[in-house]
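Inspection log for the structure reproduced underneath, given as structure tokens.
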Amino acid sequence: MRDIISPHISASIAPILVNIYCVSRVAGNTILEREMEAAGKKREKFRELASNRTDKALEAIERIGNLSNRQLYEWEAGEVRKIIKALRDEVAKVEARFEAPNIRRRDRFSL
Numbered sequence: 191m192r193d194i195i196s197p198h199i200s201a202s203i204a205p206i207l208v209n210i211y212c213v214s215r216v217a218g219n220t221i222l223e224r225e226m227e228a229a230g231k232k233r234e235k236f237r238e239l240a241s242n243r244t245d246k247a248l249e250a251i252e253r254i255g256n257l258s259n260r261q262l263y264e265w266e267a268g269e270v271r272k273i274i275k276a277l278r279d280e281v282a283k284v285e286a287r288f289e290a291p292n293i294r295r296r297d298r299f300s301l
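Residue numbers (the numbering used here): 191 to 301.
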């Protein structure tokens with residue numbers, strides 16, 4: 191344990207740090223190990239949710255594309271432009287949220 195402590199730390203503080211280190215060990219894990227394990231779980235949860243939500247979003251976009259069938263639906267070019275703009279705007283907001291995570295929710299879409 192003494193080899194972990196920097197030589198720049200005074201001899202009077204070193205025993206305190208050793209005690210803190212020893213006390214911080216819980217069930218054989220250091221605080222750092224527990225933080226790394228928690229980070230791994232967060233990463234796993236992110237990947238799971240991101241995959242599921244992205245799949246659902248892509249399926250929803252595909253269903254919007256199904257509205258292009260002129261045999262089943264009648265629409266105007268302006269309405270299509272409005273839909274496409276709303277989708278692009280929302281994707282831009284998602285990108286911005288990953289760059290600055292404090293950006294929040296959208297307004298509801300309406301034609």
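Positions of the beta carbon are idealized from the N, C-alpha and C atoms, including for glycine.
- Counting only the Cα atoms, Ile221 lies some 20 Å from Ile203.
- Secondary structure of Pro291 (DSSP, three-state): coil.
- When the alpha-carbon of Phe288 is set against those of Val270, Phe236, Arg253, Leu248, the nearest one is in Phe236.
- Separation of Arg243 and Ile206 (C-alpha to C-alpha, rounded to the nearest whole angstrom) is 48 Å.
- The shortest C-alpha to C-alpha distance from Ala276 to any of Asp297, Ala228, Gly230 is the one to Asp297.
- With a contact defined as Cβ atoms closer than 8 Å, Glu252 and Leu301 miss out at about 19 Å.
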